[in-house]
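Down below is the structure, laid out as structure tokens.
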């Protein structure tokens, strides 16, 4: 149900011509499966040429600047989904990325009115987890990039994207999580064995 709502709102934004360039639903995409790494290579010339120019930040912790573009300056039509809090204000927003990498590439903006800089917070991480959890799509991801790592806007946000296939990164994360769990249980087991 969430995915249907998100897709229909995205399609509405496409018909209202809200993006920086026409959306190419048939982009040149290639999945390299050399050694099960699942690299996805996608050519999107419009994104490179027509996206918002990033301010050349010199530090990851740059102060919020109301004079630069931020998400308080977007049009209401660019908001796809608003998740309200008890005060009925826009607590968390899912908005269009006006220069998407591919169709249905959205931005997740937590607590827009707080004007937080592009530094990851617990609320932002939880919002990303919730975004992924409510989707029925097996390969939806939420990702973060900071200033000095290609974030073009210094207003806290995540990227939400659907991928056509499982990414190698997901395999690594699952593997590392499994190792941590095994390490934890081995540690607990060795402590209980020592008591016997």
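Residue numbers (UniProt numbering): 1 to 196.
Note that CB positions come from ideal geometry on N, CA and C, so glycine has one too.
Since the structure is predicted, the reported quantities are computational estimates derived from the model, not experimental observations.
{"Query": "In terms of residues, what are the limits of the alpha helix (DSSP H) holding residue 140?", "Result": "Run containing residue 140: none in the alpha helix (DSSP H); it sits in the beta strand (DSSP E), 140-143."}
{"Query": "State yes or no: is the C-beta of residue 70 within less than 8 Å of the C-beta of residue 115?", "Result": "yes"}
{"Query": "Within a Cβ cutoff of 7 Å, which residues of the same chain sit near residue 135, ignoring the five residues on either side of it in sequence?", "Result": "2, 3"}
{"Query": "Using C-beta distances below 6 Å, list every residue in its chain close to residue 92, excluding the 5 sequence neighbours before and after it, in chain order.", "Result": "83, 110, 127"}
{"Query": "Please check the pair residue 143 and residue 158, which I expect to be a contact at CB under 8 Å, by giving their CB distance rounded to whole angstroms.", "Result": "6 Å"}
{"Query": "Taking only runs of the beta strand (DSSP E) that begin and end inside the segment 71-159, which ones reach a length of at least 3 residues, in chain order?", "Result": "79-84, 90-96, 106-110, 140-143"}
{"Query": "In or out: residue 5 buried (at least 16 other Cβ within 10 Å) or exposed?", "Result": "exposed"}
{"Query": "I think residue 64 touches residue 154, with their Cβ atoms under 8 Å apart; what is that distance to the nearest whole Å?", "Result": "6 Å"}
{"Query": "Starting from the C-beta of residue 148, find all residues in its chain whose C-beta is less than 6 Å away, skip the five residues before and the five after it, and write them out in chain order.", "Result": "57, 60"}
{"Query": "My understanding is that residue 96 touches residue 108, with C-beta atoms under 8 Å, so please give their C-beta distance in whole angstroms.", "Result": "The Cβ separation is near 12 Å, so there is no contact."}
{"Query": "Please say whether residue 122 and residue 132 have beta carbons closer to each other than 8 Å?", "Result": "no"}
{"Query": "Closer than 8 Å by C-beta to residue 55: which residues in its own chain qualify, once you throw out the five before and the five after it? Chain order, please.", "Result": "68, 152, 154"}
{"Query": "Evaluate residue 104 with the Cβ neighbour count: other Cβ atoms within 10 Å of its Cβ, from every protein chain shown; 16 or more gives buried, anything less gives exposed.", "Result": "buried"}
{"Query": "Of the choices 17, 62, 163, whose alpha-carbon is the least far from that of residue 271?", "Result": "Past the edges of the chain, shown from 1 to 196, lies residue 271, and the structure says nothing about it."}
{"Query": "Got a sec: does the ligand PLP put a non-hydrogen atom nearer than 7 Å to the Cβ of residue 135?", "Result": "The ligand PLP is not part of the structure shown, which contains no ligands of any sort."}
{"Query": "Around the Cβ of residue 101, are there at least 16 other Cβ atoms within 10 angstroms (buried) or fewer (exposed)?", "Result": "exposed"}
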